[in-house]
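Asks: Here you go, one structure.
Numbering (this note's numbering), first residue to last: 65 to 567.
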């Protein structure tokens, strides 16, 4: 009997200690005088009960917090499980963190070791001097001159895709996201790897499985994202993706290098530029940093997979919006038809980027309503005093800039839930408040490949909408609900079925 009493006592002590540990960080925002949602705060899960119990995407939780406090405060506190997280509640405060006071928040909050997790050794996720070094080295890759050299590959892939569409899907209902992903993989394979890397007629099943690590994240990725909030020290010892993904990209890099060596040509694709950077550093022994082979693999991974995923989502959502708004669709089709009578079939960089102003308006408005990511994350690396207050943000504190909330804030956008491309017309665009529209990020850490993404999306959309009329079907979602199993992205929980009719 005594043994049971001792065991019960030990169990109670353990549970008490576990409970105290689970709420130990919950006094941070109250102590600092930062408003937070105290009515929705629970042990172990913080302010994320709805995510764990009902499967609510964290984007909705952040939006609710934003709208609850935005009229009374420039900022609020959030508990992402056990992690105190600072949320700016205005475009101005977001700009202060991401631009003006960037030196306090230069890093993204991923808690990864790029020497251990090779795929995370890329410009999107690394931190500190390594990020600055890679940014300096990679920035020349995305100049207008370099992008002009990529248009041939993009045009060829899009033409192949249009022919494939005409042969297989004319007048049919299509799972649009899957189809657009195949097209974008074609030209990203050419632009990134410099070869006909992905055949839309006969997709590589292995690579389709690799792509699913982004488009259909597993429990592993979801658990890894949660673990970094609970215990960053443990999270850093767990890789984001399973070993077969890393092995695939390591082998792809090695085999591509061998193929390039056999051709003895200095191609202008992204992988060749990465290889050149690696070789230059090996020869020069650059003391400011080192572009290692792991950096080649990591950056190939992020541009090949993450690049296709974001472009796929942006194009898919634009087509969805057009199917719901025939007036916009017809106006855009008229612009495309008119301009295409004055330019060559093979669109140049200047043609695609400058001669279709209404397409640009439609694309920007679509990305406003359905941004590629729900938030920009940062981590405080140097103690920061919030402007206009004596409140300090401690080193190690996570920061979430709420993209979806900013994009639909009535303070910045009239009738914010309405799809209205005129917001981005030349006469209206100047009125957009800096920091209220951030589809590719904000400040020095904004997406380095945003112009390439815009280029490939525009060429694809021009050719697609010149050839097909897009319309909804009975299976087209009536409204977009985000899939909570996508911890870092905003994707519809329902498949995006649309009909493509030849024009």
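Built from N, CA and C at the ideal position, the CB exists for glycine as well. Computed from a predicted structure; not experimentally measured.
Please report the distance separating the alpha-carbon of residue 636 from that of residue 147.
Replies: This structure does not reach residue 636, given that the chain is present from 65 up to 567, and the question cannot be answered.
Asks: Note down the Cα distance separating residue 497 from residue 270, rounded to an integer number of angstroms.
Replies: Residue numbering aside, residue 497 sits at position 433 when the chain shown is read from its first letter. Residue numbering aside, residue 270 sits at position 206 when the chain shown is read from its first letter. The straight-line gap from Cα to Cα measures roughly 45 angstroms.
Asks: Please identify the residue among 388, 538 and 436 whose C-alpha is closest to the C-alpha of residue 484.
Replies: As a position in the chain shown, residue 484 is number 420, starting the count at 1. With distances taken between Cα atoms, residue 484 lies closest to 388.
Asks: So residue 185 is in the alpha helix (DSSP H); what residue range does that whole segment cover?
Replies: As a first step, residue 185 must be located in the chain shown, where it is residue number 121. From DSSP, residue 185 is part of no alpha helix (DSSP H); its letter is neither H nor E.
Asks: Are at least three pairs of beta-carbons, each pair with one atom in the stretch 101 to 119 and one in the stretch 141 to 159, less than 8 angstroms apart?
Replies: As far as the Cβ criterion goes, the stretch 101 to 119 touches the stretch 141 to 159, which means the pair count is three or higher.
Asks: Do residue 564 and residue 225 have their C-beta atoms closer together than 7 angstroms?
Replies: Stepping through the chain shown from its first residue, residue 564 is reached at position 500. Stepping through the chain shown from its first residue, residue 225 is reached at position 161. Cβ atoms of residue 564 and residue 225: not closer than 7 angstroms.
Asks: Under 8 angstroms by Cβ, that's how I've got residue 560 and residue 277 pegged, so tell me the actual separation to the nearest angstrom.
Replies: Here residue 560 corresponds to residue number 496 of the chain shown, with the count starting at 1. Here residue 277 corresponds to residue number 213 of the chain shown, with the count starting at 1. The Cβ separation is near 20 angstroms, so there is no contact.
Asks: For the structure I just gave you, are there three or more beta carbon pairs, one from the stretch 91 to 102 and one from the stretch 118 to 138, closer than 8 angstroms?
Replies: Yes: the two stretches touch, three or more of their Cβ pairs being nearer than 8 angstroms.
Asks: Ignoring anything shorter than 4 residues, give me the alpha helix (DSSP H) runs that lie fully in the stretch 265 to 303, in order along the chain.
Replies: The qualifying runs are 269 to 279, 283 to 294 and 296 to 299.
Asks: With distance defined between alpha-carbon atoms, name the residue in 359, 293, 327 and 286 nearest to residue 313.
Replies: Locating residue 313 in the chain shown gives position 249, counting from the first residue. Checked all of 359, 293, 327 and 286; the closest Cα to residue 313 is 359.
Asks: My output table needs one value for residue 125: the three-state DSSP class, helix, strand or coil.
Replies: Reading the chain shown from its first residue, position 61 is the one you call residue 125. Correct three-state label for residue 125: helix.
Asks: Assuming residue 374 and residue 244 make a contact with CB atoms under 8 angstroms, what is their CB distance in whole Å?
Replies: Mapped onto the chain shown, residue 374 falls at position 310. Mapped onto the chain shown, residue 244 falls at position 180. Contact doesn't hold; Cβ gap of about 12 angstroms is too wide.
Asks: Report buried or exposed for residue 430, applying the criterion of at least 16 other Cβ atoms within 10 angstroms of its Cβ.
Replies: Counting from 1 along the chain shown, the entry for residue 430 is found at position 366. When all chains shown are included, residue 430 counts as buried.
Asks: Judging by CA-CA distance, which residue of 362, 323, 272 and 317 is the nearest neighbour of residue 304?
Replies: Position 240 of the chain shown, counted from the first residue, corresponds to residue 304. Nearest option by C-alpha distance: 362.
Asks: Along the chain, where does the beta strand (DSSP E) that runs through residue 442 open and close?
Replies: Here the question's residue 442 lines up with position 378 in the chain shown. Residue 442 -> beta strand (DSSP E) spans 439 to 443.
Asks: Taking the alpha carbon of residue 177 as the point to measure from, which residue in 446, 337, 299 and 416 has its own alpha carbon closest?
Replies: For the purposes of this step, residue 177 is taken as the residue at position 113 of the chain shown. The candidate whose alpha carbon is nearest that of residue 177 is 299.
Asks: Starting from the Cα of residue 248, find the closest Cα among 516, 548, 544 and 167 and give me that residue.
Replies: For the purposes of this step, residue 248 is taken as residue 184 along the chain shown, with counting starting at 1. The residue with the shortest Cα to Cα distance from residue 248 is 516.
Asks: Can you round the beta-carbon distance between residue 512 and residue 199 to whole angstroms, since I take them to be within the 8 angstroms contact cut?
Replies: As a working mapping, residue 512 is identified with position 448 in the chain shown. As a working mapping, residue 199 is identified with position 135 in the chain shown. Rounded, the Cβ-Cβ distance is 7 angstroms, consistent with contact.
Asks: Roughly how many whole angstroms lie between the Cα atoms of residue 472 and residue 438?
Replies: Walking along the chain shown from the start, residue 472 turns up at place 408. Walking along the chain shown from the start, residue 438 turns up at place 374. Computed Cα separation, rounded: 12 angstroms.
Asks: Starting from the C-beta of residue 334, find all residues in its chain whose C-beta is less than 7 angstroms away, skip the five residues before and the five after it, and write them out in chain order.
Replies: To locate residue 334, count along the chain shown from 1; it is residue 270. Within the same chain, residue 334 has close Cβ partners 205, 255, 256 and 367.
Asks: Expressed to the nearest angstrom, what Euclidean distance is found between the alpha-carbon atoms of residue 524 and residue 400?
Replies: To locate residue 524, count along the chain shown from 1; it is residue 460. To locate residue 400, count along the chain shown from 1; it is residue 336. Distance between the alpha carbons of residue 524 and residue 400: 12 angstroms.
Asks: Residues in its own chain within less than 7 angstroms of residue 338 by CB, not counting five upstream and five downstream?
Replies: Taking the chain shown and counting its residues from 1, one reaches residue 338 at position 274. Taken in chain order, the residues that qualify are 360, 363 and 364.
Asks: Are the stretch 499 to 508 and the stretch 445 to 457 in contact at 8 angstroms, needing three or more beta carbon pairs?
Replies: The stretch 499 to 508 vs the stretch 445 to 457: no contact.
Asks: Can residue 530 and residue 404 be called in contact, C-beta distance under 7 angstroms?
Replies: In the chain shown, counting from the first residue as 1, residue 530 sits at position 466. In the chain shown, counting from the first residue as 1, residue 404 sits at position 340. Cβ atoms of residue 530 and residue 404: closer than 7 angstroms.
Asks: Among residues of its own chain, excluding the 5 on either side of residue 416, which ones have a beta-carbon nearer than 8 angstroms to its beta-carbon?
Replies: Position 352 of the chain shown, counted from the start, is the residue given in the question as residue 416. Closer than 8 angstroms at Cβ, skipping near neighbours: 215, 519, 522, 523 and 526.
Asks: Identify every residue that forms a DSSP beta bridge with residue 464.
Replies: Taking the chain shown and counting its residues from 1, one reaches residue 464 at position 400. Paired residues: 441.
Asks: Taking the alpha carbon of residue 294 as the point to measure from, which residue in 80, 87, 510 and 553 has its own alpha carbon closest?
Replies: The residue given as residue 294 occupies position 230 in the chain shown. Nearest C-alpha to residue 294: 87.
Asks: Determine the DSSP secondary structure at residue 474, reduced to helix, strand or coil.
Replies: Translated into the one-based positions of the chain shown, residue 474 becomes position 410. Residue state, collapsed to three classes: coil.
Asks: Let me check one thing: in DSSP terms, what residues is residue 563 bridge-paired to?
Replies: Within the chain shown, the letter at position 499 stands for residue 563. Per DSSP, 237 and 535.
Asks: Measure the CB-CB distance between residue 133 and residue 153 and report whether it falls below 7 angstroms.
Replies: Start at 1 with the first residue of the chain shown, and residue 133 comes out as number 69. Start at 1 with the first residue of the chain shown, and residue 153 comes out as number 89. In contact: residue 133 and residue 153 (Cβ atoms closer than 7 angstroms).
Asks: Helix, strand or coil: how does DSSP classify residue 556 here?
Replies: In the chain shown, the residue the question calls residue 556 occupies position 492. DSSP places residue 556 in strand when its eight states are reduced to three.
Asks: Mind checking which residues open and close the alpha helix (DSSP H) that includes residue 490?
Replies: The residue given as residue 490 occupies position 426 in the chain shown. Looking at the DSSP string, the run of the alpha helix (DSSP H) that includes residue 490 is 490 to 493.
Asks: With distance defined between alpha-carbon atoms, name the residue in 386, 72 and 106 nearest to residue 84.
Replies: Here the question's residue 84 lines up with position 20 in the chain shown. Residue 106 is the option with its Cα nearest to residue 84.
Asks: Whole angstroms are fine: how far does the CA of residue 283 sit from the CA of residue 93?
Replies: Locating residue 93 in the chain shown gives position 29, counting from the first residue. Locating residue 283 in the chain shown gives position 219, counting from the first residue. Cα-Cα distance, rounded: 31 angstroms.
Asks: Which residue or residues does DSSP assign as beta-bridge partners of residue 171?
Replies: Within the chain shown, the letter at position 107 stands for residue 171. Bridge partners of residue 171: 443.
Asks: Going by CA-CA distance only, name the one from 440, 80 and 219 that's closest to residue 174.
Replies: Taking the chain shown and counting its residues from 1, the one referred to as residue 174 is at position 110. Per the Cα distances, 440.
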